[in-house]
Every structure is written in structure tokens, then in C-alpha cells.
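Chains as they are written, first to last, in this note's numbering: chain A, 533 to 644; chain B, -1 to 108. Cβ coordinates follow ideal geometry from the N, Cα and C atoms, glycine included. Working notes for the structure below.
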């Protein structure tokens, strides 16, 4: 059973469009992170959110942590081909501080 | 820039061979992890360590073993490689929240 559910699994959009990726769980997390992974490389951290209701912006990317700290979303405005990649959310649960659990990921493809 | 290194980047090996995938980090992180990932798919945790002489099995059953004799080094060993072991293996380390990943080892067992 996947602790973190990501949706959609795959997203293909045109350059300039907006997109939102979701990460949901029945567990409460002390922190939640979003990573982006390009083919043949390891994931790279985009952002960490720790406070329920927190919103963080990173240029065209907006991250939101749910009030109950069980879910998160990533919104990309005016997507560019460079945004193409596998987007992974990862959570550190409050009762298992050592393990970092990853969602299955959302594959995003932005075409020119 | 992350200071975590995996070698080799690519490995093609015959069935039955013993292999060790190397992972080293120079950040002094206590927690280290091994994940298995097929292309474009989710990461499966196969081993993790909280520090020296601490190793735990992850959520995905694996025939591999790990050791943590030094803080900076977390090698993964397959005693007898099989085609089902063909995958990408990612090593990561972290101290607080952020995890730093190596570039991965792409293993092919023929």
C-alpha cells in the first residue's frame, strides 16, 4: 500500500499552460518535500514544507501544504519544456522520523 | 551541490556474479538510504541506516545486503545477481529534512 498517493500519474501539456500535481495521504507528516527527477539522474529537492497551510513560491512553482499536514499540491504557471520531469513528493511521518517515503511520482511532459 | 557519489554509473554483469554498488557522502550525514527504481517509476526503499553499525530493511523485499562501518560509506552487495535485479539503484543521505541523492547506478544483469 502506497503511503503517499500522487495524481495524476502522467501529464502532457503544451508550453504556456498551467498544471497542478497532487500528493495525498491518510497519515500526518512532520514535513513534506517535492523533488524533480530527470532521466538518468537522482531526484533533486525543490522545496520542503513543514507548517500546515503553508504556501511557498519558487519562481513559477507554487507549493501548498494542507492544513492537516496530510496532503500537498504543486502548481506550475506557464509551463516550459524545461519543467519536464518526474515530480515526486516525499514525507517524513511523525512516527517514523528516519524513513523518507516517496510517492509514485507524476511524469510531466511539456511540449513546445 | 550534493556531495554524494555512486559508482559505477553503469554496470552490465552476468547472472550469478557477486557485485557491490558503492555509495559515499562527504556531508557527515547520519541517515543513508538505498532505493530501487525502474525508469520513470516510483522509488522503492530497500535499505536504510540511522548511523554507523545501524542497518534496516526497507519496504521492498530485496536479496541485497548493506553495511555501515563508516559514516560516509554505505555499500550495497548482491551475492548472486539475477536478471530480476536489473534496475536503477539510487543512494541518498540526509541529516534533517532534505535528502541528497547520488546519480544512481544503472544495473543490467544478463
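Residue-level contact to chain A via CB, residue i, 8 Å cutoff
i, result
"residue 26 (chain B)", "no"
"residue 70 (chain B)", "no"
"residue 88 (chain B)", "yes"
Where residue i sits in the DSSP three-state scheme
i, result
"residue 8 (chain B)", "strand"
"residue 603 (chain A)", "strand"
"residue 78 (chain B)", "coil"
"residue 26 (chain B)", "coil"
"residue 614 (chain A)", "helix"
Beta-carbon proximity list for residue i, same chain, < 8 Å, skipping 5 on both sides
i, result
"residue 46 (chain B)", "29, 30, 31, 32, 53, 54 and 56"
"residue 73 (chain B)", "18, 19, 20, 21, 64 and 65"
The beta strand (DSSP E) enclosing residue i, as first and last residue numbers
i, result
"residue 587 (chain A)", "587 to 590"
"residue 636 (chain A)", "It is not in any beta strand (DSSP E) - residue 636 (chain A) carries neither H nor E in the DSSP assignment."
"residue 30 (chain B)", "29 to 35"
"residue 556 (chain A)", "551 to 556"
"residue 72 (chain B)", "Run containing residue 72 (chain B): none; DSSP gives neither H nor E here."
"residue 565 (chain A)", "561 to 569"
"residue 49 (chain B)", "41 to 49"
"residue 52 (chain B)", "52 to 55"
"residue 106 (chain B)", "103 to 107"
"residue 578 (chain A)", "576 to 581"
"residue 609 (chain A)", "Unbroken run through residue 609 (chain A): none, as it is neither H nor E."
"residue 546 (chain A)", "542 to 546"
"residue 593 (chain A)", "593 to 597"
Under 9 Å by beta carbon: chain B residues contacting residue i
i, result
"residue 573 (chain A)", "99, 101 and 102"
"residue 565 (chain A)", "95, 96 and 97"
Sequence-distant residues of the same chain with beta carbon closer than 7 Å to residue i, five excluded per side
i, result
"residue 1 (chain B)", "23, 24 and 25"
"residue 83 (chain B)", "76, 105 and 107"
"residue 88 (chain B)", "33, 35, 41, 99, 100 and 102"
"residue 545 (chain A)", "551, 611 and 642"
Per-residue contacts from residue i into chain B (C-beta, under 7 Å)
i, result
"residue 634 (chain A)", "40 and 41"
"residue 624 (chain A)", "95"
Amino acids of chain B, ordered along the chain, whose beta-carbon sits closer than 8 Å to that of residue i
i, result
"residue 616 (chain A)", "Ordered by position in chain B, no residue passes the 8 Å Cβ test against residue 616 (chain A), which lies about 12 Å from the chain."
"residue 580 (chain A)", "95 and 96"
Within chain A, the residues that residue i reaches when beta carbons sit closer than 8 Å
i, result
"residue 92 (chain B)", "632"
"residue 3 (chain B)", "Those within 8 Å of residue 3 (chain B) in chain A number zero; the least Cβ separation is about 11 Å."
Contact with chain B by residue i, beta-carbon distance below 8 Å
i, result
"residue 598 (chain A)", "no"
"residue 639 (chain A)", "yes"
"residue 551 (chain A)", "no"
"residue 577 (chain A)", "yes"
"residue 604 (chain A)", "no"
Own chain partners of residue i with C-beta closer than 6 Å, once the 5 adjacent residues on each side are dropped
i, result
"residue 539 (chain A)", "554"
"residue 585 (chain A)", "599"
"residue 78 (chain B)", "14"
"residue 607 (chain A)", "552 and 594"
"residue 49 (chain B)", "28"
Short CB-CB distance (under 8 Å) between residue i and chain E
i, result
"residue 584 (chain A)", "Here chain E cannot be found, since the structure's protein chains are A and B."
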